[in-house]
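What follows is a set of notes on a single structure, which appears directly below.
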Amino acid sequence: MRTWAVLPILLMLVGCVTQRIVEPQPHSAPIAARQVQPEQPQAPGSLWTEGRGSLFRDNKARRVGDIVTVAIYEQASASKQASTATGRSSSMSAGLTNLFGIEGNIGNLNKFIDPTSLIDTSYENAFDGSGSTSRKEDLVATLTAQVIEELPNGNLCIAGGKTVTVNREDQIILLEGIIRPEDISARNVVSSKHILDAKIAYTGKGVISDKQRPGWMTRVLDHIWPF
């Protein structure tokens, strides 16, 4: 009885000394835009300054602090299948019929030994394995991002995010990457397929998200269970 009473305590102690289970975390919040340089004061008698847009230029994001709309449309699918089959068989038999009359002496040493049938072996093995995997992902959303840095070659680093809360359940979308100004449409929209080094995170936080993973004791036992 004492053994059964101590067993739960030992399991809890073992769970305490095991390494903490590290779960993947969503991307951090978007980096705040760098401080925008103040516009130069307007020169007397001039209608335009360097800080203003050109008369022949549309209102697309070009500078740090500008905003751009990102049309997220990500669709990916992959499948893989593999199969392997191997086999091997061998057999061997050996006997001693005549060898200068020694074969008779071998039989006299032990009556259970037959010189004509000393070795007779066979071996055979076979292996057949197969595996397959498939994955499909779809993500369609619209997000407004901000230019946080302008690279020397003219490309723009953007970052943005939004949180939608419905019935105490948060839906979080975060995005960051690098775009080219020429990929921005006249309506100030860029497609996610034109983003270099894109990092797009779509996560949730709330009661529903908590119910989608096992309890903490189940995770601890799964981590330490040796069988």
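First residue of the sequence shown: 14, per the working numbering; consecutive thereafter. Cβ coordinates follow ideal geometry from the N, Cα and C atoms, glycine included.
According to DSSP, what are the bridge partners of residue i?
i           : result
residue 205 : According to DSSP, residue 205 bridges with nothing at all.
residue 138 : 101
residue 148 : 91
residue 179 : 182
residue 214 : 187
residue 157 : 82
residue 143 : 96
residue 171 : 160, 190
Rounding to the nearest angstrom, what Cα-Cα distance links residue i and residue j in this structure?
i           : j           : result
residue 77  : residue 86  : 25 Å
residue 236 : residue 226 : 14 Å
residue 196 : residue 207 : 7 Å
residue 105 : residue 139 : 19 Å
residue 245 : residue 223 : Within the shown structure, residues of the chain are numbered from 14 to 240, placing residue 245 beyond reach of any answer.
residue 238 : residue 142 : 27 Å
residue 40  : residue 97  : Any reading at residue 40 is ruled out, since the residue's pLDDT is 48, under 50, leaving its predicted position unreliable.
residue 209 : residue 182 : 31 Å
residue 167 : residue 152 : 29 Å
residue 81  : residue 178 : 23 Å
residue 228 : residue 205 : 36 Å
residue 135 : residue 230 : 51 Å
residue 146 : residue 158 : 35 Å
Could you check which residue in the options has the C-alpha nearest to that of residue i?
i           : options            : result
residue 137 : 157, 99, 155       : 99
residue 215 : 154, 200, 93, 194  : 154
residue 148 : 209, 93, 217       : 93
residue 219 : 176, 142, 213      : 176
residue 188 : 72, 213, 166, 178  : 213
residue 79  : 160, 133, 134      : 160
residue 173 : 133, 230, 190, 146 : 190
residue 211 : 178, 165, 198, 171 : 171
When you compare the CB of residue i with every CB in chain C, is at least one pair closer than 7 Å?
i           : result
residue 189 : Looking at the structure shown, chain C is missing, and only one protein chain is on hand.
Is the beta carbon of residue j closer than 7 Å to that of residue i?
i           : j           : result
residue 150 : residue 91  : no
residue 83  : residue 233 : no
residue 163 : residue 169 : yes
residue 199 : residue 144 : no
residue 194 : residue 75  : yes
Our contact map puts residue i next to residue j with C-beta atoms below 8 Å; I'd like the distance itself, whole angstroms only.
i           : j           : result
residue 192 : residue 217 : Wrong, their Cβ atoms sit about 27 Å apart, outside the cutoff.
residue 201 : residue 72  : 7 Å
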